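Below is one structure, written out as structure tokens; the observations come after it.
In this note's numbering, the protein residues as written are 1 to 130.
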């Protein structure tokens with residue numbers, strides 16, 4: 001397998017990408033998740049969770065797609081988990097205000113919330129966050 005750059009500065013309007021997470025699924029499907037940071041490399045601001053999907057074991061990947069967005073706010077730290085028994089893909093992540101930098105988090109003024117979505121079709125569609 002050749003080295004590939006899946007996420008790069010300026011891709012689809014994102015200033016930067018951070019916090020990658022990859023999961024291999026049945027049938028050679030691989031999903032690479034990442035935070036798409038729209039404004040900067042900062043840990044707060046408009047951040048969404050994006051992904052690229054491979055159908056061939058990671059040899060090639062489809063276009064960037066937004067998995068979770070909360071408008072101008074922050075969602076991030078994607079953590080995918082696959083439960084093979086029902087065939088359900090889970091994505092656990094956190095959300096917080098766009099201006100919720102570390103000082104405000106430590107003061108309890110911008111709490112981070114743990115959220116969850118799931119997919120029953122290997123990442124093609126997703127449930128609403130809960």
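Positions of the beta carbon are idealized from the N, C-alpha and C atoms, including for glycine.
Computed from a predicted structure; not experimentally measured.
Within its chain, find whatever has a CB closer than 6 Å to the CB of residue i; leave out the 5 residues flanking it on each side and keep chain order.
i, result
"residue 45", "39, 98"
"residue 120", "88"
"residue 24", "30"
"residue 144", "For the chain, the structure presents residues 1 to 130; residue 144 sits outside this window and is missing."
"residue 22", "32"
"residue 138", "This structure cannot speak to residue 138, because the chain is shown only from 1 to 130."
With respect to the beta strand (DSSP E) encompassing residue i, which residues constitute its N-terminal and C-terminal limits?
i, result
"residue 103", "Not the beta strand (DSSP E): residue 103 falls in the alpha helix (DSSP H), residues 102 to 106."
"residue 17", "16 to 24"
"residue 96", "88 to 96"
"residue 116", "113 to 119"
Given this structure, state the Cα-to-Cα distance separating residue i from residue j, to the nearest angstrom.
i, j, result
"residue 129", "residue 117", "5 Å"
"residue 102", "residue 111", "10 Å"
"residue 55", "residue 36", "22 Å"
"residue 69", "residue 5", "23 Å"
Residues in the same chain with beta-carbon distance under 8 Å from residue i, minus the five sequence neighbours each way, listed in chain order, please.
i, result
"residue 50", "7, 12, 14, 17, 33, 34, 35, 36, 64, 65, 66, 67"
Notebook entry, point to check: How about the segment 56 to 70 and the segment 27 to 36: do they share at least three Cβ pairs that are nearer than 8 Å?
Noted result: yes
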